[in-house]
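One structure is given below, encoded as structure tokens.
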Amino acid sequence: MLSLITAGESHGPELLAVLSGLPSGLRLSREAIDRELARRQHGFGRGGRQKIEKDQVEVRAGLRNGVTLGSPLVLAIRNRDFENWAKIMDPWETDPAQAARRQVTAPRPGHADLAGAWKFNHREDLRNVLERASARETAARVAAGAVCKQFLANFGVEVRSGVLALGEKVLHPGPPSFELLAQVDDHSPLRTPFPEKEAELVAYVEAVKHQGDTLGGIVGVVARGVPPGLGSYTQWDERLDGQLAQAVMAVQAVKSVVIGAGWEVALGPGSKAHDPIVPGTRGLRRSSNHAGGLEGGVTNGEDIVLRAAMKPISTLREPLPSVDLATLEARPAAYERSDVTAVPALGVILENVVAFVLARAFLAKFGGDHMDDVRASFEAYQKRLAGWGPEAFLTPNC
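At position 218 of the sequence shown the residue is numbered 855 (the numbering used here), and the sequence of numbers has no breaks.
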């Protein structure tokens, strides 16, 4: 079973991602991983931290000559800003005076500060919570997801994303298509598939910034080329839609996820909610995709389509009311350097989060110790499905 754990603090020495369960024989491109990390850092509305960091992957274990060994793959991303925080965040010894100056005792509404302090008894300094709860951790998940993207590419699977709404500016109200998200230019400031709207959106973000406020939004993610049969209806925890929803909701600041048409079909009759099955030159297909590529927790050969809503960033230049845990007196919440919006980055993060979940499901079905074993299993499955009709269920990119 493919598994992922991450470690590291926002201003600590480095972030780590440990991927266990990868087959041996998978050739990886360092440039492709670094490209995903750079995409995550891009986007209008990001804060000063992105000017300091230039995320690049380093491999600590599990790779030789660019090829996986089958042992755990350990990825590291150094925090350049640690140089400025060494006396505050050193693992062994901190400078009491400097640590006191960056001590946080007024929890920020919307962050993990207070709940985390209660859980781990960090009343004296909430920095012990916020350093790990920070969305900086997603850099490690993106690095791991970039590996999974390279694995999936061997089987014709591709994942795209784009911004569908930014604050009150709704660009695309329904589920996106792969073709729509394929129009997103990664060099655009807000990663929308509507370049004619970019200038208006940039001005909108600037106005919100001048007000000292922040913005959330909605992103869409589509995976194409996913074969049918991933996931399972036989146990609740094997349902792939549940696994995708959990992984997406586990990204910092995501508050909801919709698969397929989601809420839209909930408000209409069943005759308009489901996807007719039709014969075609590539086997049995659907004339629509309201289900978002998943039925009964199992992929059905259509595109995987989901949307995620990100709340506005909780750190505000004009802080909300809070309480100082040292005195229990009312005071404004603490302020930390932050973004105005991270919605463009969220799409990149979710591409890689989705890639991990799909790679895990792929290996659960076709897994083997070496890439040749995985390919052989996948090809045998494709041949079995071919018995259902001419080229039945062959994924578009295979």
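Where a beta carbon is used, it is the ideal one built from N, C-alpha and C, also for glycine. For clarity, every value in this text was computed on a predicted model and none was experimentally measured.
Inset, instruction - Pick helix, strand or coil for R778, following the three-state DSSP scheme. - result: helix
Legend entry - Residue range of the alpha helix (DSSP H) that includes S640: Looking at the DSSP string, S640 is not in any alpha helix (DSSP H); the run it does join, the beta strand (DSSP E), is 640-644.
Legend entry - Whole-number beta carbon distance between L639 and L1000, since they are thought to touch under 8 angstroms: Right, their Cβ atoms sit about 5 angstroms apart.
Inset, instruction - Report the three-state DSSP secondary structure of G897 (helix, strand or coil). - result: G897: coil per DSSP, three-state reduction.
Inset, instruction - To the nearest angstrom, report how far apart M726 and A737 are at their CA atoms. - result: Each residue's Cα considered, the two are about 12 angstroms apart.
Legend entry - Per-residue DSSP class, three states only, for L789: helix
Legend entry - C-alpha gap between P812 and A910, whole angstroms: 13 angstroms
Inset, instruction - Look up P969 in the DSSP assignment and say whether it is helix, strand or coil. - result: Here P969 sits in strand by DSSP.
Legend entry - Local Cβ density within 10 Å of H748, reported as buried at 16 or more and exposed below that: Buried: at least 16 other Cβ atoms inside 10 Å.
Inset, instruction - May I have the straight-line CA-CA distance separating I896 from V856, to the nearest angstrom? - result: 12 angstroms
Legend entry - For C1035, the three-state DSSP class (helix, strand or coil): Per-residue confidence for C1035 stands at a pLDDT of 42, beneath the threshold of 50, marking its modelled position as unreliable; no derived number is given.
Legend entry - For H809, the three-state DSSP class (helix, strand or coil): coil
Inset, instruction - Might you give, ordered along the chain, the residues of its own chain that have their beta carbon closer than 7 angstroms to the beta carbon of A802, omitting 5 neighbours on each side? - result: L808, G854, I855
Legend entry - Span of the beta strand (DSSP E), counted from its first residue to its last, around V694: Unbroken beta strand (DSSP E) run through V694: 694-698.
Legend entry - Straight-line gap, A713 to P906 (C-alpha atoms, nearest Å): If you draw a straight line from the Cα of A713 to the Cα of P906, it comes to about 50 angstroms.
Inset, instruction - Using a threshold of 9 angstroms, state whether the C-beta atoms of R797 and V858 are closer than that. - result: yes
Legend entry - Simplified DSSP assignment, three categories, for P958: strand
Inset, instruction - Below 8 angstroms on the Cβ atoms is my guess for R968 versus S959; work out the distance and round it to an integer in Å. - result: 6 angstroms
Inset, instruction - List the whole-angstrom C-beta distance separating R745 from A754, where the pair is believed to meet the contact cut-off of C-beta under 8 angstroms. - result: Not a contact, Cβ separation roughly 11 angstroms.
Legend entry - Terminal residues of the beta strand (DSSP E) in which L751 lies: Counting along the chain, L751 sits inside no beta strand (DSSP E); it lies in the alpha helix (DSSP H) bounded by residues 750-757.
Inset, instruction - Could you please give me the residues that DSSP links to E651 through a beta bridge? - result: R715
Legend entry - Cβ contact check for the region 865-879 and the region 978-992: 3 or more pairs under 8 angstroms: Touching, no.
Legend entry - Nearest-angstrom Cβ-Cβ length linking E673 and A783, presumed shorter than 8 angstroms: 4 angstroms
Legend entry - Backbone CA spacing between G930 and D878 [nearest angstrom]: 9 angstroms
Legend entry - Given 8 angstroms, three or more beta-carbon pairs between the region 822-842 and the region 933-941: no
Inset, instruction - Please report the Cβ distance between T643 and E774, rounded to the nearest whole angstrom; I am assuming they are in contact, meaning their Cβ atoms lie under 8 angstroms. - result: About 6 angstroms; that satisfies the 8 angstroms criterion.
Legend entry - Contact check, L943 vs V885, beta carbons under 9 angstroms: yes
Legend entry - Residue from L763, L663, L904, E816 with nearest C-alpha to K1043: Outside the shown range of the chain, which is 638 to 1035, sits residue 1043, and nothing can be said about it.
Legend entry - CA-to-CA distance, A1013 to D1006, given in whole angstroms: 12 angstroms
Legend entry - I855: first and last residue of the uninterrupted beta strand (DSSP E) it sits in: 854-861
Inset, instruction - Would you check whether the ligand HEM has a heavy atom nearer than 8 angstroms to the C-beta of P830? - result: Among the components modelled here there is no ligand, and therefore nothing to report on the ligand HEM.
Legend entry - For A752 and R617, the rounded distance between their alpha carbons: Since the first and last residues shown for the chain are 638 and 1035, residue 617 lies out of range.
Legend entry - Buried or exposed by the 16-neighbour rule on C-beta atoms within 10 Å, applied to H824: exposed
Inset, instruction - Go ahead and pull the three-state DSSP assignment for A979. - result: coil
Legend entry - Rounded C-alpha distance that separates Q872 from G1004: 19 angstroms
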